[in-house]
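**Q** Take this structure first; my questions come after.
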Amino acid sequence: MSELDHLKEQIAYLKFWQGIVVVTDISLAGWLISSSDSAASFTAFLALAGLVLLSAGIVVLHRRIERRIDRIKEL
8 MSELDHLKEQ IAYLKFWQGI VVVTDISLAG WLISSSDSAA SFTAFLALAG
58 LVLLSAGIVV LHRRIERRID RIKEL
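Next up, the structure:
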């Protein structure tokens, strides 16, 4: 497999996982908005912490995708 094909496959794989993380992040945010009053404070805190971590994961995945796109430009 050429390096170009390898980088394209890596980008596709990272985009797949980024999509899953985005959907999970949006779902968790929706749950927090709709159920924050009825949920226990510890549960809401954990959900908020998860939201922050998932959002950070989206940024990390985005940066990895950008780096691979830049590597493709160099080829």
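The sequence shown begins at 8 in my numbering and counts up by one.
Idealized CB from N, CA, C, for every residue including glycine.
Which residues bound the alpha helix (DSSP H) around ILE41?
**A** Residue 41 is actually Ser in this sequence, not Ile. Where SER41 is concerned, the enclosing alpha helix (DSSP H) starts and stops at 10 to 42.
**Q** Are the CB atoms of LEU68 and TRP38 within a distance shorter than 8 Å?
**A** no
**Q** What separation, rounded to the nearest whole angstrom, lies between the Cα atoms of LEU82 and ALA19?
**A** 18 Å
**Q** Please tell me whether LEU11 and ILE79 are closer than 8 Å, where the distance is taken between their beta carbons.
**A** yes
**Q** Apart from the five residues just before and just after GLY57, which ones in its own chain have a Cβ nearer than 8 Å to its Cβ?
**A** Result list for GLY57: LEU35, in chain order.
**Q** Report, in whole angstroms, the separation of the C-beta atoms of LEU21 and ILE72, which I expect to be a contact under 8 Å.
**A** 5 Å
**Q** Hey, THR31 and LEU61 are a contact pair by Cβ (cut 8 Å); roughly how many whole angstroms apart?
**A** With 8 Å as the limit, THR31 and LEU61 qualify as a contact, their Cβ atoms being about 6 Å apart.
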